[in-house]
Amino acid sequence: VPRVSSSCGFFVLRSTAISGLAAINGLAAISVICDALFCLCFPPLVGSVCCSYAGHHTNCREYCQAIFRTDSSPGPSQFKAVESYCASVSPQLIHCVNNYTQSYPMRNSTDSLYCCDRAEDYACQTACKRILMSMKTELEIVDGLIESCKTMPLPQDPLWQCFLESSRSVHPGVTLHPPPSTGLDGAKLHCCSKANTSICRDLCTKLYSSSWGNTQSWQEFDRFCEYNPVEVSMLTCLADVREPCQLGCRNLTYCTNFNNRPTELFRSCNAQSDQGAMNDMKLWEKGTIKMPFINIPVLDIKKCQPEMWKAIACSLQIKPCHSKSRGSIICKSDCVEILNKCGDLSKFPEGHMAESICELLSPTDDLETCIPLDTYVRPSTLGNIVDDVTHPCNPNPCAANQLCEVNRKGCQAGEPCLPYFCIQGCKLGEASDFIVRQGTLIQVPSSAGDVGCYKICTCGQSGLLENCMELHCVDLQKSCIVGGERKGHGKPFKIGCNVCSCFAGNLICSTRQCLNEYNSDDEHDITGLPCNCADQFVPVCGQNGRTYPSICIARCVGLQDNQFEFGSCISKDPCNPNPCLKNQRCIPKPQVCLTSFEKFGCNQYECVPRQFNCDDQLREPVCDTDNIEYSSPCVLHQKGKSVSYKGPCQSFCKSVDLVCGHNGETYSNVCAAYSDRVAIDYKGPCQAVGVLSDYSYQGECASVTCPRLAATGYKSVTPPGACCSLYAAILRVLYDKEKLDTFAKITNKRPITVLEILQKIRLHVSVPQCDVFGYFSIESEIVILITPVDQNPKPLQIEACNKEAEKIESLINSDSPALASHVPLSALIAAQAEVSRKMSSSCSLVMQAQCTFFWSLVLTFTATICNT
1 VPRVSSSCGF FVLRSTAISG LAAINGLAAI SVICDALFCL CFPPLVGSVC CSYAGHHTNC
61 REYCQAIFRT DSSPGPSQFK AVESYCASVS PQLIHCVNNY TQSYPMRNST DSLYCCDRAE
121 DYACQTACKR ILMSMKTELE IVDGLIESCK TMPLPQDPLW QCFLESSRSV HPGVTLHPPP
181 STGLDGAKLH CCSKANTSIC RDLCTKLYSS SWGNTQSWQE FDRFCEYNPV EVSMLTCLAD
241 VREPCQLGCR NLTYCTNFNN RPTELFRSCN AQSDQGAMND MKLWEKGTIK MPFINIPVLD
301 IKKCQPEMWK AIACSLQIKP CHSKSRGSII CKSDCVEILN KCGDLSKFPE GHMAESICEL
361 LSPTDDLETC IPLDTYVRPS TLGNIVDDVT HPCNPNPCAA NQLCEVNRKG CQAGEPCLPY
421 FCIQGCKLGE ASDFIVRQGT LIQVPSSAGD VGCYKICTCG QSGLLENCME LHCVDLQKSC
481 IVGGERKGHG KPFKIGCNVC SCFAGNLICS TRQCLNEYNS DDEHDITGLP CNCADQFVPV
541 CGQNGRTYPS ICIARCVGLQ DNQFEFGSCI SKDPCNPNPC LKNQRCIPKP QVCLTSFEKF
601 GCNQYECVPR QFNCDDQLRE PVCDTDNIEY SSPCVLHQKG KSVSYKGPCQ SFCKSVDLVC
661 GHNGETYSNV CAAYSDRVAI DYKGPCQAVG VLSDYSYQGE CASVTCPRLA ATGYKSVTPP
721 GACCSLYAAI LRVLYDKEKL DTFAKITNKR PITVLEILQK IRLHVSVPQC DVFGYFSIES
781 EIVILITPVD QNPKPLQIEA CNKEAEKIES LINSDSPALA SHVPLSALIA AQAEVSRKMS
841 SSCSLVMQAQ CTFFWSLVLT FTATICNT
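Residue numbers for the sequence shown follow the working numbering, so the first one is 1 and each next one is one higher.
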């Protein structure tokens, strides 16, 4: 009926669809909905009956009529006003209005949020949650859903079916969903602590805690915070949750210049954003660009710089993001140029010129914080070589309640083989899009949103966070005084050559040896090792499971003489003498612990029951010392065999071929090192301490033969403590030991290891052509290597690994929920990346090879002279 509102049309359609939902809603729901039809579709008729009871009392009648207007939705204030003005005038009127309000109930915002995930369209999912967050009445919600999702309410539509079913919950006798214990969006609530102004912190907390803000709160947030350059940390954090930066962009039909870019980061490379850019252009062609705080009149953009305008529209929708800032604004110089050329200057708001408008929109020209448009005015030059790098989880192939992970395990014969896994997960709140892996520990802010207050929860089999435990609140306002200067919480800085961070008032720094600490005429008096220890390799094994090159270095990092013993850790047999009970089997389990071994131990073995049943064990292949593969460590140990390495048996690891890992351990073969997530420095047993910090003297490394690197046009890098360079991106990471100890304390006093950190970081690397290795350095940093999988990597693969490392560096330094929600990754507080840089065109590959050979001769000759 043309005169009936869209909401009424919805209810008419809904009544006709009820037969298809009878099994879900029951006959009671049919009567409830049908009773509501008359009131909702013909409110003036109901109003004439109810409001007639007001008689000659004008105020009462006016407030009564406001309830039944067809062009507005009734709100709580109107209901209260009717009761206030009419209770003493006419009890009959109040009774009549109450009958109407019962058939037109106020909705609890959280009741139907889970239904939004049933929508197939991502834009509809997002709009649905925004509508349920800000609108309270059924009319508003239904109108909003029909308009935003562009679909009519049919029973076969999963979103509408769920939404219709949930409407029962506003009637007596139906249990409502309990409010989530983590806030309605724990990931976004984490971002509220990054607000620089109290008003934005309060609004953010109000919007994402257990009590959603109303429409006014959202409008205020948009007005005061959403475009406020002072709030860039909070806004970037929210963007990381909503649309994390991901490598790769392809398959766009409108923003085609953004295609074929596998090593660039984007927030929203998808069909919806592609269509959104086209729609923006159509709106701008009408002569005005409407912003929340200013309208910008423009000339005919179909004639004036159309390609530049298209690049702007696509950039704002597709959102390229730099790894350092991850912001999504265009550069100020581009903004000024386009508005000077194509802005309708005569119609600019009073007092504004192109420069002043761009100061509001794009206050910076820093290429690390803005998007240069000239990149996207032209197509990518990569062409067909983009296939060298793939992105199995972008776009996301999994369901809304699942997490996409890259398949690095391969596939069994006869099984379908996909490049990704869809893992069941949990959302951090009922209105959250942020998914975490089932079975993992998660850190979320307290539901009240108090800054610095967190709880640890488990992602349970039910798909909900459970078993939550409160942590002690930390004072994020505490600062550190360094050299008379105040350093705020969470901001990395340098003291000498060391990277430091102030965490809740505690100063945490790396322990690199800075050359300027020594005043010596002879630079060979400076070894570059911690405490300027002698360049000797006489390894000792610390109780933390880490092999140190010498007693001096072990003492330098704080170990007492009774906390280490001679020999490398991997050479020890932790099961001799047998520490386990008679009915248990002792199994070696080498590990390097980051938690206090005095409090939580760091056993290099585990005791398992001899009669343990292996039937329920997940498939986790292992290879024994005879190169025979078993389906799990349990099966192998029941057979009385010894583990050579974790993972399927590899033909090239059959024989004992000793290799030295970056952690200073000698492994029996490459596979044994890789199973510990340790990359290889060189062949043969470990015999030297490699290059550290910025000091280039290689000492005993001169006698090491390094693997030959393929020519790629990229400069190789040398990991801390290694002798040989490789193509990789290196992350040197600081961590908060106290926080790790706290996590260990609440997780059955189990130590947290380097391997655990590496395995979790590995899940955040989205390109299968790159893998993660690492170790605990003698400078007390976690070193993470993101390396190409291929032995002779292609340039695009090296670049992809660089970008993955820079992305993770940025997430750690900004305390982004993408990492900080995960235990124990939330204890990582500062990171510094070094990547394999592209060499300038003036240095040819031939020259590079010649220079490398020349300097190796110089170093060998210098070492010989010095030894003599």
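Even for Gly, the Cβ is constructed at its ideal location relative to N, Cα and C.
*What are the start and end residues of the alpha helix (DSSP H) that includes residue 333?*
Numbered from its first residue, the sequence shown carries residue 333 at position 333. 332-342 is the extent of the alpha helix (DSSP H) around residue 333.
*The alpha helix (DSSP H) spanning residue 273 covers which residue range?*
On the sequence shown, position 273 is the one that residue 273 refers to. Taken as a continuous stretch (DSSP letters only), the alpha helix (DSSP H) holding residue 273 covers 271-284.
*When burial is assigned at 16 or more other CB atoms within 10 Å of the CB, is residue 579 buried or exposed?*
Position 579 of the sequence shown, counted from the start, is the residue given in the question as residue 579. By the neighbour-count rule (16 or more Cβ atoms within 10 Å), residue 579 is not buried but exposed.
*Between the CA atoms of residue 713 and residue 845 - distance to the nearest angstrom*: Position 845 of the sequence shown, counted from the first residue, corresponds to residue 845. Position 713 of the sequence shown, counted from the first residue, corresponds to residue 713. In this prediction, residue 845 scores a pLDDT of 41, lower than 50, which makes its location untrustworthy; the coordinate-derived value is nonetheless stated afterwards. For residue 845 and residue 713, the distance between alpha carbons rounds to 6 Å.
*Which of the three DSSP states, helix, strand or coil, is assigned to residue 599?*
What you label residue 599 is simply residue 599 of the sequence shown in a count that begins at 1. DSSP places residue 599 within a helical segment (H, G or I) once states are collapsed to three.
*Cα separation between residue 596 and residue 644?*
For the purposes of this step, residue 596 is taken as residue 596 along the sequence shown, with counting starting at 1. For the purposes of this step, residue 644 is taken as residue 644 along the sequence shown, with counting starting at 1. Here the alpha carbon of residue 596 sits roughly 28 Å from the alpha carbon of residue 644.
*Just list the beta strand (DSSP E) runs in the stretch 476-554, keeping only unbroken ones of 3 residues or longer that don't cross its boundaries, in chain order.*
Taken in chain order, the complete beta strand (DSSP E) segments of 3 or more residues contained in the stretch 476-554 are 480-482, 485-487, 493-495, 498-503, 506-509, 540-542.
*Helix, strand or coil for residue 742 per DSSP?*
In the sequence shown, the residue the question calls residue 742 occupies position 742. Here residue 742 sits in helix by DSSP.
*Just to confirm, are residue 265 and residue 191 a CB contact at a threshold of 8 Å?*
Taking the sequence shown and counting its residues from 1, one reaches residue 265 at position 265. Taking the sequence shown and counting its residues from 1, one reaches residue 191 at position 191. Cβ distance not < 8 Å, so residue 265 and residue 191 don't count as in contact.
*Where are the alpha helix (DSSP H) runs, 4 residues long or more, that stay fully inside the stretch 210-238, in chain order?*
At a cut-off of 4 residues, the continuous stretches assigned as alpha helix (DSSP H) that sit fully inside the stretch 210-238 are 215-224.
*Are the beta-carbon atoms of residue 602 and residue 586 separated by less than 8 Å?*
Numbered from 1 along the sequence shown, position 602 holds the residue referred to as residue 602. Numbered from 1 along the sequence shown, position 586 holds the residue referred to as residue 586. No. Outside cutoff.
_For residue 801 and residue 598, what's the separation of their Cα atoms in angstroms?_
The sequence position of residue 801 within the sequence shown is 801, counting from 1. The sequence position of residue 598 within the sequence shown is 598, counting from 1. For residue 801 and residue 598, the distance between alpha carbons rounds to 37 Å.
_Across the stretch 408-417 and the stretch 437-457, are there enough close Cβ pairs to call them in contact, namely three or more that are closer than 8 Å?_
Put simply, the stretch 408-417 does not touch the stretch 437-457. Fewer than three CB pairs are less than 8 Å apart.
*Give me whichever residues DSSP pairs with residue 586 in a beta bridge.*
Here residue 586 refers to the residue found at position 586 of the sequence shown. 607.
*If you draw a straight line from the alpha carbon of residue 229 to that of residue 678, how long is it in whole angstroms?*
What you label residue 229 is simply residue 229 of the sequence shown in a count that begins at 1. What you label residue 678 is simply residue 678 of the sequence shown in a count that begins at 1. Using only the alpha carbons, I get a separation of about 42 Å.
*N- and C-terminal bounds of the alpha helix (DSSP H) containing residue 557*: Counting from one through the sequence shown, the residue named residue 557 turns up at place 557. Run containing residue 557: none; DSSP gives neither H nor E here.
*Contact the stretch 649-665 vs the stretch 539-558: 3+ CB pairs below 8 Å*: Yes, the stretch 649-665 touches the stretch 539-558.
_Using 8 Å as the threshold, is the C-beta distance between residue 189 and residue 431 below it?_
For the purposes of this step, residue 189 is identified with residue 189 of the sequence shown, where counting begins at 1. For the purposes of this step, residue 431 is identified with residue 431 of the sequence shown, where counting begins at 1. Contact: no.
*State the DSSP-derived secondary structure class of residue 466, mapped to helix, strand or coil.*
Here residue 466 is taken as the residue at index 466 of the sequence shown, counted from 1. Reduced to three states, the DSSP call for residue 466 is strand.
_Three-state secondary structure (DSSP) of residue 565_ = Locating residue 565 in the sequence shown gives position 565, where the first residue counts as 1. Of the three classes helix, strand and coil, the one that applies to residue 565 here is strand, per DSSP.
*alpha helix (DSSP H) containing residue 255: first to last residue?*
Taking the sequence shown and counting its residues from 1, one reaches residue 255 at position 255. Where residue 255 is concerned, there is no enclosing alpha helix (DSSP H), given that its DSSP letter is neither H nor E.
_Neighbourhood of residue 583 by C-beta distance below 7 Å, restricted to the same chain and skipping five residues each side_ = Counting from 1 along the sequence shown, the entry for residue 583 is found at position 583. Excluding sequence neighbours, residue 583 sits near 609, 610.
*Environment of residue 734 [buried if 16+ CB atoms lie within 10 Å]*: The residue given as residue 734 occupies position 734 in the sequence shown. Sixteen is the threshold: when 16 or more other Cβ atoms of the shown chains lie within 10 Å of the Cβ of residue 734, as they do, the residue is buried.
*Might you give, ordered along the chain, the residues of its own chain that have their beta carbon closer than 7 Å to the beta carbon of residue 539, omitting 5 neighbours on each side?*
Within the sequence shown, the letter at position 539 stands for residue 539. The answer, listed in chain order, is 547, 548, 549, 567, 568, 664.
_Secondary structure of residue 420, DSSP reduced to three states_ = One-based indexing of the sequence shown puts residue 420 at position 420. Looking at residue 420 - three-state DSSP - the assignment turns out to be strand.
_Please state whether the Cβ-Cβ distance between residue 721 and residue 690 is less than 8 Å._
Here residue 721 corresponds to residue number 721 of the sequence shown, with the count starting at 1. Here residue 690 corresponds to residue number 690 of the sequence shown, with the count starting at 1. By the CB criterion at 8 Å, residue 721 and residue 690 fall inside the cutoff.
*Are the CB atoms of residue 442 and residue 465 nearer to each other than 8 Å?*
Residue mapping note: residue 442 aligns to position 442 of the sequence shown, counting from 1. Residue mapping note: residue 465 aligns to position 465 of the sequence shown, counting from 1. Taking a C-beta distance under 8 Å as the contact criterion, residue 442 and residue 465 qualify as a contact pair.
_Tell me the rounded alpha-carbon separation between residue 742 and residue 756._
Against the sequence shown, residue 742 aligns to sequence position 742. Against the sequence shown, residue 756 aligns to sequence position 756. Residue 742 and residue 756: Cα-Cα distance of roughly 16 Å.
*Rounded to a whole number of angstroms, what is the C-alpha to C-alpha distance between residue 870 and residue 269?*
Residue 870 falls outside the range modelled here, since the chain spans only 1 to 868, and no answer is possible.
_Measuring alpha carbon to alpha carbon, tell me which residue in 303, 810, 446 is nearest residue 184._
Working through the sequence shown from its first residue, we reach residue 184 at position 184. For residue 184, the nearest C-alpha among the options comes from 446.
*Just tell me which of 494, 785, 542 has its CA closest to the CA of residue 570.*
Locating residue 570 in the sequence shown gives position 570, where the first residue counts as 1. Looking only at 494, 785, 542, the smallest Cα-Cα distance to residue 570 is reached by 542.
*Sequence-distant residues of the same chain with beta carbon closer than 7 Å to residue 395, five excluded per side*: Start at 1 with the first residue of the sequence shown, and residue 395 comes out as number 395. Apart from the 5 residues on each side of it in sequence, residue 395 sits with its Cβ closer than 7 Å to the Cβ of 270 in its chain, given in chain order.
_DSSP bridge partner residues for residue 774 (one or two, in chain order)_ = Here the question's residue 774 lines up with position 774 in the sequence shown. DSSP, once it has assigned bridges, lists 784 as partnering residue 774.
*asked:* Buried or exposed for residue 561, going by 16 or more other Cβ atoms inside 10 Å?
replied: Numbered from its first residue, the sequence shown carries residue 561 at position 561. Around the beta carbon of residue 561, fewer than 16 other beta carbons lie within 10 angstroms, which makes this residue exposed.
_Reference residue 476, options 376, 815, 303, closest by Cα_ = On the sequence shown, position 476 is the one that residue 476 refers to. Looking at the Cα atoms, 815 is the closest of the given residues.
_Does residue 837 pass the burial test, meaning 16 or more other C-beta atoms within 10 Å, or should it be called exposed?_
Looking up residue 837 in the sequence shown gives position 837. In the assembly as shown, residue 837 is an exposed residue. Its beta-carbon has fewer than 16 other beta-carbons within 10 Å.
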